[in-house]
Every structure is written in structure tokens, then in C-alpha cells.
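Inspection log for the structure reproduced underneath, given as C-alpha cells.
Numbering (the working numbering), first residue to last: 1 to 752.
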């Protein structure tokens, strides 16, 4: 027999515990929005009832998987019984009786109403419902006694279903006796509301407890007698499941399509349980349809189920060009297609929109364009927008502009629809204009201000991917035009801050009076302040040992928080956490640190206590690198923070933040000034630490061709010069003995 689609799309028909109730479980992704990189918002065009079927990388959009099987109808059920018993009935009482009261409590209530008990159960003694003592209340309780029994097999406990080691046993029900009682009540009921509910309960019991033919016969013999309301479609869902049990797949699929179309609350259940496999089955299902609208529903479900939206669009359009069922399929097709037009950057840290000729989109583009040109759909503007978007993605900006213009002529006064067209037109304008000159700036200014002030969440209006592309694109053009200040406003790229001229230019730009409207926008886009720039300049000067200039700049910015550890500590082993936990008699801010270092350097120049001052300055320079305890000194909005390793530091800043040259300079000064062997031993050890770090810097962290895993190939030990001096000249010192206990490298070398 001919398959409708490839086997990879086939699903096994649901088991008895999935059909009709629809147990739906799927995993959700963790990388970005579930719809991927999208600039086409389905919410602008499609009814909210179809939201679970928007294109997504999880099973159902927005929810991942359907978990409401036991609670889906709680609210509507309470509403229905409130209407039946009278609106004066307290909702809290009905909620307890319908949702929470155990079967034993309901049985006691029935016994009380029958005169077999003198008092109400304790939990219901305050209920005003039982003060009326009328027939409707009695009928409600009688119905509830049977409904509670049905819950034992019909309300699935998902935890129990997946707990294979559970020793709990499901409640045993005499289903034959239950079915007999339900049938009797259904047959005798005169009230239409009660009769329909007994019909549902009996249908459900036949489905779960068989035979399935009884369930199908019960539905088909009585379905014309009832209003097509929520309880009707719940009953039909079980009849559809019974068809599947009887291997009557065409009728089952047909019934599920009617449930899907008639009851929004059951759309995901019906969709999950759908899924004809053979072409012959599919044709037989279509043959059951009473009209083209029913056929359109089937085609829509098939298009979603097997993710073949193009075929479904063609078929539904041939049946009825104005069918609203086309809307969902078009948005899904476009949302899937646009994923082909995003790519990772060279560092695999971000994805970006791109425009390219892609022949794989030609079939969809031709179909959408043809329908758009015909202009006979329910929402012609949507088709023009979709056609324009696909043209634009393929790099045909002129044709895209024509399609957007056609959409604008028929655009409704709906905010989200108008936003969608405005966004697409802006992207097309930027994409189709190669130079970022004043003409383009004036043309896009209002739209950029609009996006900059947009408050809509991305899941409601998908503008962030497009907006980021616009900013990145304009930044790239400004860089080519050597307008670096504008470039960094649109894309705050680290390389900008490697030039002090750039920083001074940005400071002047931020302080400029009488800015143009576009310049005002640039400032609004720029994420930093003048203080951020000045503090970074002070930090950068520090690593060049220009402390006086660094202090002058740091004094002009707000004081920083104290550094978490004493930056003048010098440990045998690097342990910034240890230093952070240790008590600090003096706490240093960034400015305090600079002033203290400057004070010590002045003493060194004056030949005062050179050894101790040089050691402390060297420790400070060591600690403000990534290896030390004072990383907080350089962390900020420009350099970043919480770097797990030097690889996490942007390459624009990495070299100077891991460089040991200033620490080596002052440890060497201390060595030259050392008087005792203990002092000299300590200097040699600290210089060896610097050598070690520099070796790693050159071998790994400054190696642009480094691959993860290379660190495992490094030798266990290198004989740095400081270790040679320690072993050959200072092995008798107390410091050497302590260092061997603490330092594995030195211990290994000492044994060679």
C-alpha cells in the first residue's frame, strides 16, 4: 500500500491510554527561543486557538508538551454545574465536590439525601448547596457517585504510569456494574444536561472497559440528539479512539478532525491521536467529509502532523481560497523556511540573519507569490508580506518592496500586523541600501527609534533577530566607512577599545552639545557611560605602570566596591578564594590600590626599603592579572567579568590581563635589593611562578590555533630558571623547604 509520507514521519497509533485522552510528552530545547531565528510573527495572523501548532523545535509551541489531561476541563465543568444548579451556588463548594472530594464522601452525601445517614459528612456540613434539598441537587450527587467511580480508570495518574517500581495498586472497579448503572441513568434521564453527561460517562467507560464497538455504537446512535458543545466533542474523542481500537482508522481520523475543529481545548489531543499512514486510508478519510471545510480541516491537520505545509496549502487553497485554515500553515512554512537564512558567526557565539539566493525555497516562494497575486484569500496582506519576506531572504529587495507595498494597501488597523510590516520594510530598506549615509540615516531614524523603545516581549512580536541584524549591519558599514564611533554605538565591539583615540572620540561624542536626532539615537543605543570609559582608561594605564595618569582618571569616576582580597598578598600557591575568605585589616578600592602602589613605587625610586616595597608592588601587579586574587580590579562593563579561564577573556583584552611583565619587573627589583638568602629564595620562587604563567600564556592562551584538549598534551614539568636557582643556591633555606611542601612543580624538580 502506498504511504502518505516517508516512514520517518510515521507514528504508532496511540495506545488505549493515549487515544481519546491524549497523553502527550515531548522534550523542550534549551538554546534560545523555541522558534529559532524568526522575524515573522504568527500571532499577527493566526487565531490564538492554534498557538500550540506554531512552528517550534519542541512538540507544542509555548507548552512543550500537553500536560493538562487531568485538569483541562476543571474550570468549564464547574461553570456548567453552576449554571445547572443555579448561579447562587458557591463555586468553592462545587470545586471541592467535583475536584477534591473522594468517592467515599460523595457516597455519604448520597446516603444522607436518601435518608440513610442523619448528618452530612464533616467536610460538607457548612455547604449551602445541601440546604436547598431539591431534585437538581439530588440528581447532581447521584451523577457524581458514578462519575467518581469512573475516575479510577479514566483519570490517568502520570506519576503512577511512569513509576515502574511503585507498589501502589489502582483502585478496582466493577465496571460491568458501573456500565449497567450508567446505561440505566442515561436511558431514564429526562433533563438534557444530565442525559448528555451520562452519555459521556458511559461512552468513556465503554472506551476504557470495552468492547470498543459498544462505544462507537453509543456515540453514533445518539450524537444527533445533543448540542455540539464541549461535552459533545469530549464524547466524540472517545468514539474516535474506539474506531482506532477497531482498526477503523479512516473514521477515527475523521472524528478526530471534527474534534480538532470543534473544540479548542481538545486541539492538541486530537492532533496527537491523528495520523493516517496509508494513502488509501487518507482517501477513505477524505471521502467521509460532508463538505470542503471538513476536508480543509483534515488537510490542515495532515500538514501539521507530517510537517508538509506546502502540500496542505495547495490542497486547501484549491478547496477554498478564503479558508482561515491556510493562515496557520503559511506561518509555519515561513517560520521553517527562515531558519535556512541564519548562520553562526566565526566564533560560534551568535547567529545572525543573512540574505542569499536559496533554490530550496523556490517552490514555497512560487506558491506563496502565486496566491498573493491572486488576492482572493482571507488575509491578502499576510500573503503579500510572506511573499515579500521570502523575496527579501533570497536577496531580491526590489521585488520584496513591491510585495510590501501591496500588503500595505490592504493592511487592517491591527497593531501587531502593522508592526510586522513596518519591521520587514525596515529590514528591506537597510538590506537594499549598501551605504550608511545621511540619506539612509534620515530614512530609518523613526523606525530605529520605534524598535529601540519597543516594549513588546519577543514571544509576542518577533523583532529582536531583525533588530540585531540591522544594528550589526549598520555597524559593519560604519567600520568600512571608518566611522568607528557610530559603529560601536550599533554594535559594542571590543576591538574599539584597543585604541585610545577611539575612546577619546567616544567621550567627545557623548559630551557633544546640539546632537542631531540620529546622533541622539546613537547615544541611546550605546550601552556605556563616560565614567565607564574613563575607568577603563585608568585600568589600561595601570598595566603599563603609568600609575599617576591612572590615578588622575580614577579620581574622576565614582568609587568602586572594595576588592574582595588583599591585592598585596603573595602566596606560594595561587588561591584567590583563600584570599577572599581571609580577614582584611585594610580594604582597598581600585583607587586606593593605585595610590598605595604609587606610594610604594615612590619609595623604591627614593631607595627606601626597596626589597619590601618592590615585593608588594610585584604582588599587586601579579594579583591584578587573571592569575591573581584581584581580578575585580579589571572587571567591568568593557572587559567583562567572571572569566572562568583566560580563554573566556575577549582577545582584545586577554594579552595585557594575563601578562606577567610588570610582576616580573618588580620581583626582579626585589631580588636585586634582597639582603638574605630567605629573601632571595622567595624572589626566585615568585619569578618562577611568573615564568610558569608566561609559558602558559605563550603556549596556550596567545595561541590562536589552540584546540580544546591540547592542554592534556602539555608536559608535566618545565625547569624554570627560578627553580634552578632555588635548588642550586638556596636549598638550605627555610623558604625552600616550605615551597617544596606546597609546590608540586618544585618538588618534582628537586628530586631530579
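Think of the CB as a built atom: it goes at the ideal place given N, C-alpha and C, for glycine as much as any other residue.
Limits of the unbroken alpha helix (DSSP H) element including residue 69 = Within the chain shown, numbered from 1, the residue matching residue 69 stands at position 69. Here residue 69 belongs to no alpha helix (DSSP H), and DSSP marks it neither H nor E.
query = When DSSP labels each residue in this structure, what does residue 499 get in the three-state scheme?
reply = On the chain shown, residue 499 is found 499 positions in, with the first residue counted as 1. In this structure, residue 499 counts as coil in the three-state DSSP scheme.
message = Looking at residue 202: is its Cβ nearer than 9 Å to the Cβ of residue 216?
response = Start at 1 with the first residue of the chain shown, and residue 202 comes out as number 202. Start at 1 with the first residue of the chain shown, and residue 216 comes out as number 216. At the C-beta level, residue 202 and residue 216 stay beyond 9 Å of one another.
request  = Tell me whether residue 112 sits in a helix, a strand or coil according to DSSP, three-state version.
outcome  = Here residue 112 is taken as the residue at index 112 of the chain shown, counted from 1. Per DSSP, reduced to three states, the secondary structure at residue 112 is helical.
query = Since residue 640 sits in a beta bridge, which residues does DSSP pair it with?
reply = Counting from one through the chain shown, the residue named residue 640 turns up at place 640. Beta-bridge analysis with DSSP links residue 640 to 636.
Euclidean distance between Cα positions of residue 60 and residue 272 = The residue given as residue 60 occupies position 60 in the chain shown. The residue given as residue 272 occupies position 272 in the chain shown. Annotation: residue 60 to residue 272 spans about 10 Å, alpha carbon to alpha carbon.
ask   = So what's residue 563 in DSSP terms, helix, strand or just coil?
value = To locate residue 563, count along the chain shown from 1; it is residue 563. Coil at residue 563, not helix or strand.
query = Does DSSP put residue 60 in a helix, a strand or coil?
reply = Here residue 60 is taken as the residue at index 60 of the chain shown, counted from 1. In the three-state reduction of the DSSP assignment, residue 60 falls in the strand class, which pools E and B.
ask   = In whole angstroms, what is the alpha-carbon distance linking residue 390 and residue 439?
value = Position 390 of the chain shown, counted from the first residue, corresponds to residue 390. Position 439 of the chain shown, counted from the first residue, corresponds to residue 439. Per the coordinates, the alpha-carbon of residue 390 lies some 26 Å from the alpha-carbon of residue 439.
query = Are there 16 or more other CB atoms within 10 angstroms of the CB of residue 608, so buried, or fewer, so exposed?
reply = Here residue 608 is taken as the residue at index 608 of the chain shown, counted from 1. Per the 10 Å Cβ criterion, exposed.
Inter-residue CB distance, residue 649 and residue 567 (contact presumed, cutoff 8 Å) = Stepping through the chain shown from its first residue, residue 649 is reached at position 649. Stepping through the chain shown from its first residue, residue 567 is reached at position 567. In fact, because the Cβ distance is near 19 Å, the residues do not count as touching under 8 Å.
request  = Identify the continuous alpha helix (DSSP H) that holds residue 690 and give its terminal residues.
outcome  = Counting from one through the chain shown, the residue named residue 690 turns up at place 690. 677-696 is the span of the alpha helix (DSSP H), which, as asked, contains residue 690.
ask   = Per the contact definition of three or more C-beta pairs closer than 8 Å, is the segment 603-623 in contact with the segment 568-585?
value = Touching, yes, given that three or more Cβ pairs across the two stretches are closer than 8 Å.
query = How should residue 736 be labelled, buried or exposed, when 16 other C-beta atoms within 10 angstroms of its C-beta is the threshold for buried?
reply = Start at 1 with the first residue of the chain shown, and residue 736 comes out as number 736. Under this definition residue 736 is a buried residue.
ask   = Name the DSSP beta bridge partners of residue 352, please?
value = Within the chain shown, the letter at position 352 stands for residue 352. According to DSSP, residue 352 bridges with 343.
ask   = Expressed to the nearest angstrom, what Euclidean distance is found between the alpha-carbon atoms of residue 337 and residue 394?
value = Within the chain shown, numbered from 1, the residue matching residue 337 stands at position 337. Within the chain shown, numbered from 1, the residue matching residue 394 stands at position 394. If you take the alpha carbons of residue 337 and residue 394, they lie about 11 Å apart.
inquiry  = According to DSSP, simplified to helix, strand and coil, what is residue 278?
reply    = In the chain shown, residue 278 corresponds to position 278, counting from 1. If DSSP states are grouped into helix, strand and coil, residue 278 belongs with the strands.
query = If you check the beta carbons only, do residue 335 and residue 45 fall under 9 Å apart?
reply = Against the chain shown, residue 335 aligns to sequence position 335. Against the chain shown, residue 45 aligns to sequence position 45. No. Outside cutoff.
task = Output the boundary residues of the alpha helix (DSSP H) element that contains residue 303.
result = Numbered from its first residue, the chain shown carries residue 303 at position 303. Per DSSP, residue 303 belongs to the alpha helix (DSSP H) from 292-305.
Exposure label - residue 99; buried when at least 16 CB within 10 Å = The count along the chain shown starts at 1 and reaches residue 99 at position 99. By the neighbour-count rule (16 or more Cβ atoms within 10 Å), residue 99 is not buried but exposed.
ask   = If you check the beta carbons only, do residue 375 and residue 400 fall under 9 Å apart?
value = Indexing the chain shown from 1 puts residue 375 at position 375. Indexing the chain shown from 1 puts residue 400 at position 400. No. Outside cutoff.
message = Counting beta carbon pairs with one atom in the segment 51-59 and one in the segment 274-281, are three or more of them shorter than 8 Å?
response = Inter-segment contact for the segment 274-281 and the segment 51-59 is absent: fewer than three beta-carbon pairs are separated by less than 8 Å.
query = Quick one, which of 591, 559, 578 has its alpha-carbon nearest residue 549's?
reply = To locate residue 549, count along the chain shown from 1; it is residue 549. Nearest option by C-alpha distance: 591.
message = Taking only three categories from DSSP, how would you classify residue 611?
response = For this step, residue 611 is matched to residue 611 along the chain shown. In the structure shown, residue 611 sits in a helix (DSSP, three-state: H, G or I).
For residue 392, the three-state DSSP class (helix, strand or coil) = One-based indexing of the chain shown puts residue 392 at position 392. The three-state secondary structure of residue 392, taken from DSSP, is helix.
request  = Mark residue 593 as exposed unless 16 or more other C-beta atoms lie within 10 angstroms of its C-beta, in which case mark it buried.
outcome  = As a working note, residue 593 is residue 593 in the chain shown. Only buried fits residue 593, as 16 or more other CB atoms lie within 10 angstroms of its CB.
request  = Sort 251, 309, 322, 264 by Cα distance to residue 287 and report the nearest one.
outcome  = One-based indexing of the chain shown puts residue 287 at position 287. Comparing Cα-Cα distances from residue 287 to each of 251, 309, 322, 264, the minimum goes to 251.
task = Within its chain, find whatever has a CB closer than 7 Å to the CB of residue 121; leave out the 5 residues flanking it on each side and keep chain order.
result = As a working note, residue 121 is residue 121 in the chain shown. Answer for residue 121: 105, 108, 109, listed in chain order.
message = So, under 8 Å CB-CB, residue 372 and residue 387 are touching, yes? Tell me the CB distance rounded to an integer number of Å.
response = Walking along the chain shown from the start, residue 372 turns up at place 372. Walking along the chain shown from the start, residue 387 turns up at place 387. Yes, they are in contact, since the Cβ atoms of residue 372 and residue 387 sit about 4 Å apart, within 8 Å.
inquiry  = Pairs of beta-carbons, one from the segment 79-95 and one from the segment 295-306, closer than 8 Å: are there three or more?
reply    = Output reads no: the segment 295-306 does not touch the segment 79-95.
key: residue 571 (DSSP reduced to helix, strand or coil)   = Taking the first residue of the chain shown as 1, we reach residue 571 at position 571. For residue 571, the three-state secondary structure derived from DSSP is coil.
ask   = Taking the continuous alpha helix (DSSP H) assigned at residue 263, which residues delimit it?
value = On the chain shown, residue 263 is found 263 positions in, with the first residue counted as 1. Careful: residue 263 lies outside any alpha helix (DSSP H) and carries neither H nor E.
query = How is residue 385 classed by DSSP in three states: helix, strand or coil?
reply = Residue numbering aside, residue 385 sits at position 385 when the chain shown is read from its first letter. Here residue 385 sits in helix by DSSP.
query = Taking the continuous alpha helix (DSSP H) assigned at residue 204, which residues delimit it?
reply = Position 204 of the chain shown, counted from the start, is the residue given in the question as residue 204. Going by DSSP, residue 204 is part of the alpha helix (DSSP H) stretching over 192-209.
message = Does residue 508 pass the burial test, meaning 16 or more other C-beta atoms within 10 Å, or should it be called exposed?
response = Counting from 1 along the chain shown, the entry for residue 508 is found at position 508. In this structure residue 508 is exposed. Its beta-carbon is surrounded by fewer than 16 other beta-carbon atoms within 10 angstroms.
key: 7 Å CB neighbourhood of residue 670 in its chain, flanking five on each side removed   = Working through the chain shown from its first residue, we reach residue 670 at position 670. Excluding its 5 nearest sequence neighbours in each direction, residue 670 has C-beta neighbours in its own chain below 7 Å: 611, 614, 615, 618, 683, listed in chain order.
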